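Undergrad: What follows is a structure written as structure tokens; I'll ask about it next.
Number of protein chains: 2
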Amino acid sequence: MAGTPRKKTIKAAPKAAPRAAPAPRAADSVNRVYAAIQRMAVNFEFRPEQRINEVELAATLGVSRTPVREALNRLVIEGLITLVPNKGFYCRPFDAEQIIGLFEVRASLERLSVELAAERASDVRIAELMDFWNGVRASRAAMDAEELTSRDEEFHIRIAAMGGNPELVRMLESINARIRFVRRIEIENPQRRTTTFDEHLAIAEALKARDRGRAVACMSDHIGISVADAVSAMKEGLARIYMGRMAS
Amino acid sequence: MAGTPRKKTIKAAPKAAPRAAPAPRAADSVNRVYAAIQRMAVNFEFRPEQRINEVELAATLGVSRTPVREALNRLVIEGLITLVPNKGFYCRPFDAEQIIGLFEVRASLERLSVELAAERASDVRIAELMDFWNGVRASRAAMDAEELTSRDEEFHIRIAAMGGNPELVRMLESINARIRFVRRIEIENPQRRTTTFDEHLAIAEALKARDRGRAVACMSDHIGISVADAVSAMKEGLARIYMGRMAS
DNA sequence: GTGTTCTGAAGTGTACACACTTTGCGGCGA
DNA sequence: TCGCCGCAAAGTGTGTACACTTCAGAACAC
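Protein chains in written order, with this note's numbering: chain A, 273 to 520; chain B, 273 to 520.
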């Protein structure tokens, strides 16, 4: 607002300043940088346990080390990055037990999710959920694993959101980020895709019927299968990280 | 180690340097600062939604703004601090719905906790758990609410740890930090103390018997009561924050 | 009196400087 | 050949500088 030619504080001779560049501040660096590094960590674009060179990363992202370090500190708490004092920041390890542990916790939270949704969600939102998933199903042929994973997560997050507990949503999102790498591989399996579509619909229908017990049961089956398949997906994941394209 | 007079890089005239002080680096600042601010946020030593002045806080803690900002960024992800771009860091709000939401999530995770513990914990660790709690019970007269809250949390975290899922432990610890302020008040209630002691023993005994269903039931009762009482504890909490000593 | 514009102070956001730590490597002695 | 010492380069940890934003209040017009 204010089209007025708002006077800026006079900067000493913008042309040919003696100091190379007065470093004009880039807006909102931390959030951009945070999102970028988060994506890289989620997808294991850093190798597991690889040290992350701050100077290099800052240069790549076109900012100084300060916002990079602030973003990295956030990611440490999220569990996507680890920090060794006086050594530096490292990519999280690829830890099968940890991933299984995250699946366990997720299963518990997803259970709470459907319980709350069955009790509290409005009919409208449940109907929207079914529409949403039917829409995804209809256009599944055109979707790659990346996009389908995203829709899958959205389905679950919608249910969590319907329960009216934002903290539950936050935690599920955080967990999803850490297991996405494995789940995306899992979802590439054509058979797995089909069962996912059916299971999601079953969950939605149980919610529509306000059948809490059935909703929990459907969700447990759905998530339970994921845990069982996770191991082979992790094998494949390791191969892709360390063998690249050769893995296929 | 190394009593050798390790040569340091020559600093330009340490005596009466033209520049006030070359700022010798304080060791491990971020972690100290992080712990300090975390404690303050947990205990609402900042008022809810109060803006946190970085310069002031840095001066209080005897460091520069850099480690303070890194610590604050971590705490944002933990949910103990909020960040408004170009405005600054703020203390988390005192949000009753959010606290209830956290109790809900906690209940779900504690349920998982006893389920896993009932399946996986060794007999020894279960025995240690009972010894631990009997010890706490024996010396309860000498404990203030602060310490008892700490022991209470420890009891629950021990159970979570017995399940062998470190991520579950992490999340519970994170939630505990955010509801500790309310739980400490709750635990001041003498009657509540008594029921807590009994309920904890009941949980431990169910674990010892490997009775998963009973363990879950005991835990649910225990946590459920906490949720019910939380509202009055929150009222009291608000009074203490804003009325200080007058609240008693 | 009331609204509006301007201005300066306070404070955040980021770049940068620099001390300290870690680590790899070459030379030296046994 | 092997180990050890001692550099020196690379890189982290933190202090500091400075541009930019926000906000409150003065000055001013109406």
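Note that the Cβ used here is the ideal one computed from N, Cα and C, for glycine as well.
As the structure is a prediction and not an experimental result, all values here were calculated from the model.
Counting only Cβ-Cβ distances shorter than 8 angstroms, please list the residues of the region 484 to 508 of chain B near chain A, keeping chain order.
TA: Flagged: no residues at all.
Undergrad: According to DSSP, what are the bridge partners of L355 of chain A?
TA: Bridge partners of L355 of chain A: A:F361.
Undergrad: On the premise that E391 of chain A lies in contact with R484 of chain A, defined as a C-beta separation below 8 angstroms, what is that separation, rounded to the nearest angstrom?
TA: Yes, R484 of chain A and E391 of chain A are in contact; Cβ-Cβ is about 7 angstroms, under 8 angstroms.
Undergrad: Would Q314 of chain B count as contacting chain A if we go by Cβ distances under 8 angstroms?
TA: One detail in the question is off: residue 314 of chain B reads as Val in this sequence, not Gln. Chain A, which has no Cβ nearer than 8 angstroms to the Cβ of V314 of chain B, makes this no.
Undergrad: In its own chain, which residues sit with a C-beta less than 6 angstroms from the C-beta of G516 of chain B, not counting the 5 before and 5 after it?
TA: Once the five neighbours on either side are set aside, G516 of chain B has no close Cβ partner at all.
Undergrad: Would you check if the region 399 to 409 of chain B and the region 422 to 435 of chain B touch, i.e. whether three or more CB-CB distances between them fall below 8 angstroms?
TA: Verdict: yes, contact present.
Undergrad: Out of A:M312, A:A308, A:E317 and A:Q310, which has the shortest C-alpha to C-alpha gap to R512 of chain A?
TA: For the residues A:M312, A:A308, A:E317 and A:Q310, the minimum Cα distance to R512 of chain A belongs to A:E317.
Undergrad: Pop quiz: E458 of chain B and A505 of chain B are said to be a contact at Cβ under 8 angstroms. What is the actual Cβ separation, rounded to whole angstroms?
TA: Contact holds; Cβ gap of about 4 angstroms.
Undergrad: With 16 as the cutoff for other CB atoms within 10 Å, does A319 of chain A come out buried or exposed?
TA: The residue asked about is misnamed: residue 319 of chain A is Arg in this sequence, not Ala. R319 of chain A comes out exposed.
Undergrad: Give a yes or no on whether 8 angstroms exceeds the smallest Cβ distance from K280 of chain A to chain B.
TA: In this prediction, K280 of chain A has a pLDDT of 33, which is less than 50 and means its spatial position is unreliable; nothing more can be read from the coordinates.
Undergrad: P365 of chain B touches chain A at which residues, Cβ-Cβ below 9 angstroms?
TA: In chain order: nothing, as chain A lies at least about 12 angstroms away.
Undergrad: Which residues in the same chain as R337 of chain B place their Cβ atom closer than 7 angstroms to its Cβ, once the five residues preceding and following it in sequence are excluded?
TA: Hits under 7 angstroms: E326, V327 and A330.
Undergrad: Determine whether the Cβ of K287 of chain A lies closer than 8 angstroms to any Cβ atom of chain B.
TA: Here K287 of chain A scores only 29 on pLDDT, less than 50, and its place in the model should not be relied on; the value that follows carries that caveat. It does not; no Cβ of chain B falls within 8 angstroms.
Undergrad: Can you pull the chain B residues whose beta carbon is under 8 angstroms from the beta carbon of E328 of chain A, in chain order?
TA: The premise fails here: E328 of chain A is roughly 19 angstroms from chain B at the closest Cβ pair, so nothing lies under 8 angstroms.
Undergrad: Thinking V377 of chain A and I447 of chain A are a contact (beta carbons under 8 angstroms), I'd like their distance in whole angstroms, please.
TA: That pair is a contact at about 6 angstroms.
Undergrad: Excluding the 5 residues preceding and the 5 following A487 of chain B in the sequence, name in chain order all residues of the same chain whose CB lies nearer than 8 angstroms to its CB.
TA: Answer for A487 of chain B: V386, E387, A389, A390, I475, A478 and L479, listed in chain order.
Undergrad: Let me know if V503 of chain B comes out buried or exposed under the rule of 16 or more other beta-carbons within 10 Å of its beta-carbon.
TA: V503 of chain B comes out exposed.
Undergrad: So if I threshold CB-CB distances at 9 angstroms, which residues from the region 366 to 384 of chain B count as touching chain A?
TA: Answer in chain order: E369, Q370, I372, G373, L374, E376, V377, A379, S380, L381, R383 and L384.
Undergrad: Sorry if obvious, but does the Cβ on V340 of chain A come closer than 7 angstroms to a heavy atom of the ligand NAD?
TA: With respect to the ligand NAD, the structure shown offers nothing to examine, as it has no ligands at all.
Undergrad: Which same chain residues end up closer than 6 angstroms to V314 of chain A when comparing Cβ atoms and leaving out the 5 residues on each side of it in sequence?
TA: A449 and R452, listed in sequence order.
Undergrad: Against chain A, with Cβ distances strictly below 8 angstroms, would R319 of chain B count as a contact?
TA: Closer than 8 angstroms: no.
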